[in-house]
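Q: Residue numbers (the UniProt record's numbering), protein chains in the order written: chain V, 1 to 365; chain A, 1 to 365; chain U, 1 to 365; chain P, 1 to 365. We treat Cβ as the ideally placed atom computed from N, Cα and C, and that holds for glycine. Bear in mind that the values here come from a model prediction, so they are computed numbers and not experimental data.
Protein chains: 4
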Amino acid sequence: MTQKIKRIALLTGGGDCPGLNAVIRAVTRTAILQYGYEVVGYRYGYRGLYNNDYIPLTLDTVSGILHRGGTILYSSNKDNLFDYQVEEDGKMVKKDVSDVAIENMKKAGIDALVVIGGDGTLTSARDFSRKGVNVIGVPKTIDNDLAATDVTFGFNTAIDIATEALDRLHTTAESHHRIMICEVMGRNAGWIALHSGIAGSADVILIPEVPYDINKIAEKIHQRQDAGRPFSIIVVAEGAKAKDGEVVVSKIVKDSPDPIRLGGIGNKLANDLEDIIEGHEIRATILGHVQRGGTTSTYDRILSTRYGVAAAELINEGKFGNMVCLKGDDISYVSLEDVIGKDKNVDPNGELVSMAKKIGISFGE
Amino acid sequence: MTQKIKRIALLTGGGDCPGLNAVIRAVTRTAILQYGYEVVGYRYGYRGLYNNDYIPLTLDTVSGILHRGGTILYSSNKDNLFDYQVEEDGKMVKKDVSDVAIENMKKAGIDALVVIGGDGTLTSARDFSRKGVNVIGVPKTIDNDLAATDVTFGFNTAIDIATEALDRLHTTAESHHRIMICEVMGRNAGWIALHSGIAGSADVILIPEVPYDINKIAEKIHQRQDAGRPFSIIVVAEGAKAKDGEVVVSKIVKDSPDPIRLGGIGNKLANDLEDIIEGHEIRATILGHVQRGGTTSTYDRILSTRYGVAAAELINEGKFGNMVCLKGDDISYVSLEDVIGKDKNVDPNGELVSMAKKIGISFGE
Amino acid sequence: MTQKIKRIALLTGGGDCPGLNAVIRAVTRTAILQYGYEVVGYRYGYRGLYNNDYIPLTLDTVSGILHRGGTILYSSNKDNLFDYQVEEDGKMVKKDVSDVAIENMKKAGIDALVVIGGDGTLTSARDFSRKGVNVIGVPKTIDNDLAATDVTFGFNTAIDIATEALDRLHTTAESHHRIMICEVMGRNAGWIALHSGIAGSADVILIPEVPYDINKIAEKIHQRQDAGRPFSIIVVAEGAKAKDGEVVVSKIVKDSPDPIRLGGIGNKLANDLEDIIEGHEIRATILGHVQRGGTTSTYDRILSTRYGVAAAELINEGKFGNMVCLKGDDISYVSLEDVIGKDKNVDPNGELVSMAKKIGISFGE
Amino acid sequence: MTQKIKRIALLTGGGDCPGLNAVIRAVTRTAILQYGYEVVGYRYGYRGLYNNDYIPLTLDTVSGILHRGGTILYSSNKDNLFDYQVEEDGKMVKKDVSDVAIENMKKAGIDALVVIGGDGTLTSARDFSRKGVNVIGVPKTIDNDLAATDVTFGFNTAIDIATEALDRLHTTAESHHRIMICEVMGRNAGWIALHSGIAGSADVILIPEVPYDINKIAEKIHQRQDAGRPFSIIVVAEGAKAKDGEVVVSKIVKDSPDPIRLGGIGNKLANDLEDIIEGHEIRATILGHVQRGGTTSTYDRILSTRYGVAAAELINEGKFGNMVCLKGDDISYVSLEDVIGKDKNVDPNGELVSMAKKIGISFGE
C-alpha cells in the first residue's frame with residue numbers, strides 16, 4: 001500500500017475491561033517511537049467519532065497507565081453510528097451517520113483507526129472498513145468468548161478476582177458448614193466460572209453450556225456431607241440455566257420491573273436449593289462489577305501490550321481490515337469479515353470440563 | 001486464687017471473622033509454652049459443649065493457622081444453652097441445658113473456658129460465669145460495634161476487602177460515567193462503610209446512624225457532574241435507612257418471601273436513584289460474605305494474637321468473669337457483666353464523620 | 001489570630017512513604033472545599049522552596065492519588081536551607097539561605113506552609129516557625145519511631161508488605177527445611193520487624209533494641225528441630241546488632257568501599273549462622289525498597305487523611321508551630337518545639353515483646 | 001499394557017515452586033476418584049524413595065492444598081540415587097543405589113511413580129524408566145526454561161510477584177528521581193525478567209541471552225532524563241552478564257568466600273552504574289526467595305491441575321516413560337528420553353523481545 005501514514009486514532013467501545021489502557025499505551029508508544037506517527041484518541045467510543053471529540057495521545061498521556069483498569073478514553077455502550085439516534089426536526093430518529101464520522105476523520109487527518117472493542121464495536125469497525133476506512137480491530141471481551149482469538153485480555157484478571165473471592169468464601173463455608181454460591185460473569189459462555197471454579201476449588205460449576213439439574217447439585221452436596229465434608233462451594237455463571245428450561249430469574253421476582261437485577265441466577269439457586277436441601281445454610285454472593293476493574297493482572301498487561309504493538313505494526317504494513325489475535329502463543333491477525341458473531345463456548349466434552357470432572361467437580365448434570 | 005489450673009478449653013461462637021484462628025493459636029501456645037496447661041477446643045461453639053464434642057489443641061494443631069480466616073473449631077449461630085432446643089418425649093422443646101455443659105466440663109477436667117464470640121455468645125459466657133464457671137471472654141464482631149473495646153479483630157480485614165472492591169469499582173465508574181453503589185456489612189453500625197468509604201475515595205457514605213435523604217444524594221451526584229466528574233461512588237452499609245423511615249427493602253420485592261436477600265439496600269438505592277437521576281447508569285454490588293473470609297490482615301493477626309495471649313494471662317492470674325479488650329493501644333480487660341448489649345455506634349458528630357465531610361464526602365443529609 | 005489566610009503551600013521531604021499523597025489530597029481538599037484557600041505545592045521539598053519551584057494544587061490535581069504511593073510533589077533528602085550548599089564565586093559553600101525561602105513565600109503570597117516529613121525535615125520546619133513562618137508539621141516516618149505520635153502513616157503498609165513476604169518465605173522454609181532470614185527496614189527502631197514478625201509467624205525477631213547472641217538463635221533453631229520443626233523464619237531489622245558489639249557488616253566485606261550495601265545484617269547473619277549450625281540451608285532475603293512503595297494500605301489511607309484534614313484545620317484556627325499527631329485513637333497536635341530528636345523505640349520489656357515471647361518467639365537473648 | 005495398576009506413588013524434587021501441591025492434589029484425586037488407585041507420597045524427593053519414607057495420600061490429605069505454595073511431600077536438592085552418597089565402612093562414598101529404591105517400591109506394591117521435578121530430577125526419572133520402572137514425569141521449573149513444554153507452572157506466580165515489586169519500586173523511583181534495579185530469578189534464561197519487565201513497565205531489561213553494554217544502559221537513562229523522566233527502572237535476571245565477558249560478581253567482593261551471595265548482578269550493576277552516571281541515586285533490590293512461595297496464582301493452579309490429571313491419565317493408559325507437557329493450549333506428553341538437557345531460552349530476535357523494543361524498552365545492547 002502506498003499511502004503514507006502520518007496520524008492515527010484510537011477508540012474504545014463497550015464495557016470496560018482490564019487491559020484497555022495497556023493497549024492504548026502500546027499502540028501509542030509503538031506508533032510514536034517506532035513509526036513516527038501522531039496519535040489521537042476519540043473519547044466515549046464511536047460517539048466521540050461522531051462528535052469529533054478527541055485528544056492527542058503522547059508519551060506523557062500514556063505514562064503510568066499500563067496497570068490501571070478502565071480506559072482513559074472512556075467508553076460508551078450501544079453507540080452504532082450506522083443506526084444512530086439523532087434529533088431531527090425536534091424528534092429523535094435513527095439514521096446512518098457513518099459519513100459524518102468519516103468526514104470528521106478526514107478533516108482531522110486521521111489515516112488509520114484502531115478500534116478496541118467487542119462484537120458490537122467490531123461490527124461497526126468492519127462496516128467502516130467496508131466503506132474504505134483504514135481500520136485495525138483489537139478484540140475485547142472479558143468473557144473470553146471470541147472464536148477468532150485464543151485468549152482475550154481482561155479474562156485473566158477476572159478469573160484472578162473470582163478465584164480470590166472463592167478462596168475467601170471457602171473459609172466461611174468450612175467454618176459454618178455452609179453452601180456458598182458465587183455468581184460470576186458469563187452471560188453466554190462459562191469460561192470465567194469454569195476457570196475460577198477449577199482454581200478456586202469449587203465443588204459444583206454451573207455454566208450456560210451445560211444445563212443443570214437442581215437435584216444433581218443436591219446429590220453432590222449430600223455426597224460430600226456423607227464423606228465428612230458438610231460444606232460446598234458452587235460457582236455459577238450469570239447465564240447458567242436449568243435443564244428443564246425454566247427461566248433464570250427467581251419466581252418470586254419475575255413479575256417485578258427488573259427481575260434480573262434482583263433475582264439473578266445466584267439468588268434463584270439459593271432459593272431453589274433451600275427447598276430441597278435440609279440442614280444447610282445457603283448464601284449467595286454476586287461478584288458483579290468488581291470483576292472488571294482495578295489493577296490489571298501481569299498476564300493481561302503482557303497480552304494487551306502484545307495486541308497493541310501488533311495493531312501498530314499492521315498499520316505500518318498497511319494490513320487494514322484486520323483484527324489482531326492470539327493463536328497458541330503467537331500473535332497473529334484475522335480479517336474483520338471473519339470474526340463477527342462467532343462465539344467461542346465451553347465445550348462440554350472438551351479437556352477442561354473432562355479434567356474438572358475427573359477431580360470430582362460436578363456440573364450439575 | 002487457689003485453684004491450680006491444669007486444663008483449659010476454647011470455643012468460638014457466632015459468625016466467622018478473620019482472626020479467630022489467630023486467637024485460638026495464641027491462647028494455645030501461651031497456655032502450653034508459658035503455663036504448662038493442657039488445651040482442648042469444643043467444636044461448633046456451645047453446641048459442642050453440650051454434646052461433649054472436643055478435640056485436643058496442641059502446638060501442632062495450631063501450626064500454620066495464624067493467617068487463615070475461619071475457625072478450626074467451627075462455629076454455630078444462635079446456640080444458647082440456657083434456652084436450648086432439645087427433643088423430649090418426641091417433641092422439640094426449649095430448656096436450660098447449661099448444667100449439662102457444666103457437668104461435661106467437670107468430667108473433662110476443664111478448669112477454665114475461653115469463649116470467643118459476639119454479643120450473643122458473650123451473654124452466655126457471662127451466664128456461665130455467674131454459675132461459677134471460670135470464663136474469659138474474647139470479643140468478636142467484624143462490625144467493630146462493641147462499646148467495651150476500641151477495636152475488634154476482623155474489622156481491619158473487612159475494610160481492606162471493601163476498600164479493594166471500591167478501588168476496582170472506581171475504574172469502571174470513571175470509564176463509563178456510572179454511579180456505582182457498593183453495599184458493605186453493618187446492620188446496626190456503619191463503621192465498615194465509613195472507614196472503607198474514606199479509604200476507597202467514596203463520594204457518598206450511607207450509614208445506619210445518619211438516615212439519608214435520597215434527594216441529597218442526587219444533589220451530590222449532580223454537583224459532581226457539574227464540576228466535570230460525571231461518575232460517583234456510593235458506599236452503603238446494609239443497615240442504612242432513609243430519613244422518611246421507609247423500609248429498607250425495595251418496594252418491588254417487599255411482598256416476596258425473602259425480601260432482604262433479594263432487595264437489600266444496595267439494590268433499593270439503585271432503583272430509587274434511577275427514578276430521580278437522568279443520564280447515568282447505576283450499578284449495585286453486594287459484597288456479602290467475601291468480606292469475612294480469606295487471609296487475615298497483618299493488623300488483625302497482631303490484635304488477635306494480643307487478645308489470645310491476654311486471655312491466657314487472665315486465666316493464669318485467676319481473673320475470671322472478664323473479657324479482654326483494647327483501650328487506646330493498650331490491652332486491658334473488663335467485666336463480662338459490663339459489656340453485654342452495649343453497642344458502639346458511629347457518632348454523627350464525631351471526628352471521623354466531620355473529617356469526611358470536610359474533604360467533601362456526603363452522608364446523604 | 002487576625003491574619004486572613006488566602007493561600008497555603010505544602011512540601012514533602014525525606015524518604016518516600018505510602019500515605020504522602022493522601023495527606024496532600026486531604027490538606028488540599030479541606031483547604032479548598034472547607035476554607036476557600038488557594039493551595040500550591042513546592043516540588044522536591046525544601047529545594048523547591050529555595051528555587052521557587054511550585055505548582056498549583058487543585059481538586060483535579062489531587063484526584064485519583066489517595067491510594068498511590070510516592071508523592072506527586074517529589075521529595076529530596078538532606079536539603080537543609082539553614083545550611084545549604086550553594087555556589088559562590090565558583091566554589092561550593094554552605095550557608096543559611098532560609099531568608100531566600102521566606103522571601104519566596106512572601107512574593108508568592110503564601111500565608112501558611114504545611115511540611116510533611118521526618119525528623120530532619122521537621123527540624124527545619126521548627127526553625128522556619130521560629131523565624132515567624134506559619135508552619136504546620138505532619139509527621140512522616142515509615143519506621144513508626146517518632147515519640148510525639150502513636151502511629152505514623154506508611155508503617156501499616158510496610159508491615160503488610162513484610163508480612164506477605166514472610167508468608168511466602170514460610171512455604172519454602174517448610175518444604176526445604178531451611179532457615180529463611182528476612183531483613184526488613186528499621187535502622188534505629190525495630191517496630192517493622194516486631195510487628196511483621198508477630199504477624200508473619202516468625203520464630204526469631206532481631207531488633208536494634210535487643211542485642212542478640214548468635215548462639216541463642218542457634219539454640220532456638222535446634223530446639224525447633226528437636227520438636228520436629230526442622231525450619232525456622234528469622235526477621236531481622238536492618239539496624240539489629242550482636243551483643244558482643246560486633247559491627248553489623250560482615251567481616252568478609254567490611255573493607256569494601258560499600259560494606260553496608262553488600263553485607264547488611266541479613267547476609268551477615270546467614271554467614272554467621274552457617275558457621276555454627278549444621279544440616280540447614282540458610283537463605284537471606286533483603287526486602288529493601290519494596291517496603292516503601294506501591295498501593296497505600298486502607299489503614300494508612302485513613303490515618304493520612306485524618307492528618308491532612310487536621311493540618312488544614314490547624315491553619316484555619318491559626319495554631320501554627322504545631323505538628324498533628326495521633327494519641328490513642330484521637331487526632332491531636334503538639335508543638336514542633338517538643339518533637340525534634342525524640343525517638344520512640346521498642347520497649348524490650350513492653351507488652352508486645354513480652355507477648356511475643358509468651359507465644360515462643362525468641363529475640364536472640 | 002496388561003499390568004493392573006493398584007497403587008501409585010508421587011515424589012517432588014528440586015527447588016520449590018508454586019503449583020507443586022496442586023499437582024499432588026490433582027494426581028491424587030484423579031487416581032482415587034476416577035481410577036480407584038491407592039496413592040502414597042515419598043517424602044523429601046528421591047531420598048524418601050531410598051529411605052522408604054512415604055505417607056498415604058488420601059482425599060483428606062490433599063484437601064485445602066490447591067492454593068498453597070511449597071510441597072506437602074517436602075523436597076530435596078541434588079539427591080541422585082544413581083550416584084548417591086552413602087556411608088560404607090565408616091567412609092562416605094558415592095554409589096548407585098537405584099536398586100534399593102526399586103526394591104523399596106516393589107515391597108510397597110508401587111505400580112507406578114509420578115516424578116515432579118526439574119532437569120536433574122527428571123534425568124533420574126528417565127533412568128528409572130530405563131530400568132523398567134513405570135514412571136510419569138511432570139515438569140517443574142519456575143524459570144519456564146524447559147524446551148519440551150510451552151509453559152511450566154510456578155512461572156506465572158513468579159512474574160506476578162516480580163511485577164508487583166516493580167509496581168512498588170516505581171513510586172519510589174518517580175518520587176525521588178532514582179534508578180531502581182530489581183534482580184529477579186533466571187540463572188540461564190531471562191523469561192521472568194522479560195515478562196515482569198514488560199508488565200512492570202521497566203525501562204531496561206537485562207537477560208542472560210542478551211549480553212549488555214553498561215554504557216548503553218547509561219545512555220538510556222540519560223535519554224529518559226533529557227525527555228523529562230529523571231528516573232528509570234531496570235530489571236535484571238540473576239544470570240545476566242556484560243558484553244565484555246566480565247564476571248557477574250562485583251569486583252569488590254570477588255575475592256570473598258561467597259561472592260555470589262554478596263555481590264550478585266543487581267548490586268554489581270548499581271556499583272558499575274554509579275561510576276558512569278551522575279546525579280542519580282541508584283538502589284538495588286534482590287527479590288530472592290519471595291518469588292517462589294506463598295499463594296499460587298490462578299493461572300498456575302489451573303495449569304498444575306491439568307498436569308496432575310494428565311499424569312494420572314497416562315498411568316491409566318499405561319503410557320509410561322513420558323512427561324506431561326503443554327503445547328499451545330493443549331495438554332500433551334513427550335518421551336522422557338527427549339526432554340533432558342533441552343533448555344528453552346529467550347530468543348533475542350523473537351516476538352517478545354522485538355515487541356518490547358518497539359515500546360522503547362532497552363536490552364542494554
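When you compare the CB positions of G69/U and T28/P, do they come within less than 7 Å of one another, or not?
A: Here residue 69/U refers to the residue found at position 69 when the third sequence is read from its first residue. Here residue 28/P refers to the residue found at position 28 when the fourth sequence is read from its first residue. Cβ atoms of G69/U and T28/P: not closer than 7 Å.
Q: Given R301/A, which residues of its chain have a CB within under 8 Å of its CB, disregarding the five upstream and five downstream residues?
A: In the second sequence, counting from the first residue as 1, residue 301/A sits at position 301. So the list reads G19, A22, L66, H67, once near-sequence residues are dropped.
Q: Can you name the start and end residues of the beta strand (DSSP E) that R187/P belongs to?
A: Numbered from its first residue, the fourth sequence carries residue 187/P at position 187. Segment: none, R187/P is in no beta strand (DSSP E) and carries neither H nor E.
Q: Does any CB atom of chain V fall closer than 7 Å to the CB of L20/P?
A: On the fourth sequence, position 20 is the one that residue 20/P refers to. No, L20/P does not count as interfacial toward chain V.
Q: Note down, one range per segment and in chain order, each alpha helix (DSSP H) of at least 4 residues found wholly within the stretch 26-80 of chain A.
A: Complete alpha helix (DSSP H) runs here, min 4: 46-51.
Q: What is the rounded straight-line gap between the Cα of S201/A and the Cα of D244/V?
A: Residue numbering aside, residue 201/A sits at position 201 when the second sequence is read from its first letter. Residue numbering aside, residue 244/V sits at position 244 when the first sequence is read from its first letter. Between S201/A and D244/V, the C-alpha separation is close to 45 Å.
Q: Hey, quick one: how far does the alpha helix (DSSP H) through L314/V stretch, first residue to last?
A: On the first sequence, residue 314/V is found 314 positions in, with the first residue counted as 1. Note, L314/V: alpha helix (DSSP H), 298-317.
Q: List the endpoints of the continuous beta strand (DSSP E) containing I159/A.
A: Here the question's residue 159/A lines up with position 159 in the second sequence. No beta strand (DSSP E) contains I159/A, which is instead part of the alpha helix (DSSP H) from 155-176.
Q: By the criterion of Cβ-Cβ separation under 7 Å, what are the contact partners of D329/A in chain U?
A: Within the second sequence, numbered from 1, the residue matching residue 329/A stands at position 329. Chain U residues near D329/A: D150, G328.
Q: Between D167/A, F82/A, I24/A, which lies nearest to S124/A when the distance is taken from Cα to Cα?
A: Along the second sequence, read from residue 1 onward, the residue named residue 124/A stands at position 124. When each option's Cα is compared against that of S124/A, the closest is F82/A.
Q: Taking only runs that begin and end inside the stretch 76-150 of chain V, name each unbroken alpha helix (DSSP H) of 4 or more residues, in chain order.
A: Taking only runs of at least 4 residues, the alpha helix (DSSP H) segments lying wholly in the stretch 76-150 of chain V are 98-107, 119-130.
Q: Three or more C-beta pairs closer than 8 Å, one from the stretch 29-49 of chain V and one from the stretch 73-93 of chain V: is that the case here?
A: Yes, the stretch 29-49 of chain V is in contact with the stretch 73-93 of chain V.
Q: I want to verify the contact list: residues of chain P whose CB lies under 9 Å from the CB of R29/V, in sequence order.
A: On the first sequence, position 29 is the one that residue 29/V refers to. Near R29/V (Cβ distances below 9 Å), the residues of chain P are K358, I359, G360.
Q: So which residues of chain V does V290/A contact, with C-beta pairs closer than 7 Å?
A: As a working mapping, residue 290/A is identified with position 290 in the second sequence. The answer, in chain order, is A165, R168, L169, T285.
Q: Would you mind telling me which residues of chain A sit closer than 8 Å to S75/V, beta carbon to beta carbon, in chain order?
A: Counting from one through the first sequence, the residue named residue 75/V turns up at place 75. Ordered by position in chain A, the residues that pass the 8 Å Cβ test against S75/V are S175, H176.
Q: Would a C-beta distance cut-off of 7 Å place I109/V and R7/V closer than the cut-off?
A: Looking up residue 109/V in the first sequence gives position 109. Looking up residue 7/V in the first sequence gives position 7. Note that residue 109/V is Gly in the sequence shown here, rather than Ile. Yes.
Q: Using a Cβ cut-off of 7 Å, pull out every chain A residue sitting near S201/U, in sequence order please.
A: The residue given as residue 201/U occupies position 201 in the third sequence. Residues of chain A passing the Cβ test: L66.
Q: With DSSP as the reference, please indicate the residues paired to N322/U in a beta bridge.
A: Locating residue 322/U in the third sequence gives position 322, counting from the first residue. Beta-bridge pairing links N322/U to I136/U, S335/U.
Q: What residues of chain V sit near V309/P, judged by a beta carbon separation below 7 Å?
A: Against the fourth sequence, residue 309/P aligns to sequence position 309. Within chain V, the residues near V309/P are M355, K358, I359.
Q: Beta carbon of G294/U, beta carbon of E183/U: below 7 Å?
A: What you label residue 294/U is simply residue 294 of the third sequence in a count that begins at 1. What you label residue 183/U is simply residue 183 of the third sequence in a count that begins at 1. No. Outside cutoff.
Q: So, with DSSP's three-state summary, where would you put I361/U?
A: Translated into the one-based positions of the third sequence, residue 361/U becomes position 361. DSSP places I361/U in coil when its eight states are reduced to three.
Q: What do you reckon, are the CB atoms on I136/V and L314/V nearer than 7 Å?
A: Taking the first residue of the first sequence as position 1, residue 136/V is located at position 136. Taking the first residue of the first sequence as position 1, residue 314/V is located at position 314. Cβ atoms of I136/V and L314/V: closer than 7 Å.
Q: Check this for me: beta carbons of I276/A and A218/A, under 7 Å apart or not?
A: For the purposes of this step, residue 276/A is taken as the residue at position 276 of the second sequence. For the purposes of this step, residue 218/A is taken as the residue at position 218 of the second sequence. Yes, these two residues count as a Cβ contact at 7 Å.
Q: Given a cut-off of 7 Å, decide if A242/U and S196/U are closer than it, judged by their beta-carbon atoms.
A: Against the third sequence, residue 196/U aligns to sequence position 196. Against the third sequence, residue 242/U aligns to sequence position 242. Result no, Cβ atoms of S196/U and A242/U do not sit closer than 7 Å.
Q: Cα separation between I55/U and D111/U?
A: The residue given as residue 55/U occupies position 55 in the third sequence. The residue given as residue 111/U occupies position 111 in the third sequence. I55/U and D111/U: Cα-Cα distance of roughly 16 Å.
Q: If you draw a straight line from the alpha carbon of T58/A to that of E281/U, how long is it in whole angstroms?
A: The residue given as residue 58/A occupies position 58 in the second sequence. The residue given as residue 281/U occupies position 281 in the third sequence. Near 28 Å, if we compare the C-alpha coordinates of E281/U and T58/A.
Q: What in chain V is Cβ-close to E351/P, meaning under 8 Å?
A: Here residue 351/P refers to the residue found at position 351 when the fourth sequence is read from its first residue. Ordered by position in chain V, the residues that pass the 8 Å Cβ test against E351/P are R306, D330, I331.
Q: In the DSSP assignment, what residue or residues form a beta bridge with E281/V?
A: Start at 1 with the first residue of the first sequence, and residue 281/V comes out as number 281. Bridge partners of E281/V: R178/V.
Q: Does the Cβ-Cβ distance between L287/P and A165/P come in under 7 Å?
A: The sequence position of residue 287/P within the fourth sequence is 287, counting from 1. The sequence position of residue 165/P within the fourth sequence is 165, counting from 1. Yes, the Cβ-Cβ distance between L287/P and A165/P is below 7 Å.
Q: Using only alpha-carbon positions, find the residue among T298/U, N104/U, T296/U, L146/U that is nearest to C325/U.
A: Along the third sequence, one-based indexing puts residue 325/U at 325. Of the listed residues, the one whose Cα sits closest to C325/U is L146/U.
Q: Could you tell me if G186/A is buried or exposed, where buried requires 16 or more neighbouring beta carbons within 10 angstroms of its beta carbon?
A: Mapped onto the second sequence, residue 186/A falls at position 186. Answer is buried; the Cβ neighbour count reaches 16.
Q: Where does D330/V fall in DSSP's three states?
A: Along the first sequence, read from residue 1 onward, the residue named residue 330/V stands at position 330. Three-state DSSP puts D330/V in a strand.
Q: For S304/U versus F155/U, is the C-beta spacing smaller than 7 Å?
A: The count along the third sequence starts at 1 and reaches residue 304/U at position 304. The count along the third sequence starts at 1 and reaches residue 155/U at position 155. For S304/U and F155/U, no; Cβs fall outside 7 Å.
Q: For V352/V versus S129/V, is the C-beta distance shorter than 7 Å?
A: Within the first sequence, residue 352/V is the residue found at index 352, counting from 1. Within the first sequence, residue 129/V is the residue found at index 129, counting from 1. It is Leu, not Val, that sits at residue 352/V in the sequence shown. Contact flag unset, no.
Q: Can you give the Cα-Cα distance for I32/U and C17/A, rounded to whole angstroms?
A: Taking the third sequence and counting its residues from 1, the one referred to as residue 32/U is at position 32. Taking the second sequence and counting its residues from 1, the one referred to as residue 17/A is at position 17. So the two alpha carbons sit approximately 40 Å from each other.
Q: Flag this pair as yes or no: are the beta carbons of I181/A and I234/A separated by less than 7 Å?
A: For this step, residue 181/A is matched to residue 181 along the second sequence. For this step, residue 234/A is matched to residue 234 along the second sequence. Contact: yes.
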